[in-house]
Amino acid sequence: MGNRAHGTFGKTVTRAGFAGFAAALGICLLGAAPQAQAANLLEKNFWLSGPNFSGKVPSCDEPSALGLIAQRFSETERRFWASDLSISEFGPVKEIAFRPWGPAYVPTRYCSGTVVTSDARKRSIYYSIVEDGGFIGASWGVRWCIAGLDRNYAYAPGCQMARP
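Take the position in the sequence shown, starting the count at 1, then add 1137; the result is the number in the working numbering.
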């Protein structure tokens, strides 16, 4: 058959004809692509002032941060994993790092500690408190991983991705 291929409905298509069609389609698509343009005056001056971080992030033992972790952990267990598991108490917590990549990055405090869950098991917890990491960036937020309970492997392997 040489350079001919049979199409779906018995039509014969040459490779050269197919290559020509593909080239023409590519030219049409490139011509239709939007061109990059500079930001207009409104885009430059409306809430796009750049990162203005204060570096004020709560300490690792901040009760409201620990309370937020406990509340969201039990809610996640109940809603997504059909479990009544919750955090009963926090053991000693300590800071691992603060702004480990320098002042140009989002201020983040990395912490570790232990928790006792409602099944009376003691587990390691790794969490970070992030400036502007809360709802729509209005305040600080928390991210956490409890060793052995990272059910969707978000911080796998073994909560290593929750650490600096």
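Every residue, glycine too, gets a C-beta built ideally from N, C-alpha and C.
Find out if the Cβ-Cβ distance for the pair residue i, residue j is shorter than 8 Å.
| i | j | result |
| --- | --- | --- |
| G1228 | T1254 | no |
| G1278 | V1267 | yes |
| S1265 | Y1292 | no |
| S1211 | S1223 | yes |
| R1280 | W1218 | no |
| Y1263 | C1296 | yes |
Using the DSSP secondary-structure output, state which residues sit across from residue i in a beta bridge.
| i | result |
| --- | --- |
| I1262 | G1250, I1283 |
| K1231 | S1249 |
| G1278 | V1267 |
| E1226 | V1253 |
Between residue i and residue j, how many whole angstroms is the CB-CB distance? I'm expecting something under 8 Å.
| i | j | result |
| --- | --- | --- |
| G1192 | P1244 | 5 Å |
| V1230 | D1256 | Rounded, the Cβ-Cβ distance is 21 Å, inconsistent with contact. |
| I1233 | R1300 | 6 Å |
| I1283 | R1258 | So it is not a contact: roughly 10 Å between Cβ atoms. |
Whose CA, out of the options, lies closest to the CA of residue i?
| i | options | result |
| --- | --- | --- |
| A1202 | S1249, G1295, K1259 | S1249 |
| G1239 | C1296, M1298, Q1297, F1190 | F1190 |
| F1235 | P1294, V1194, M1298 | V1194 |
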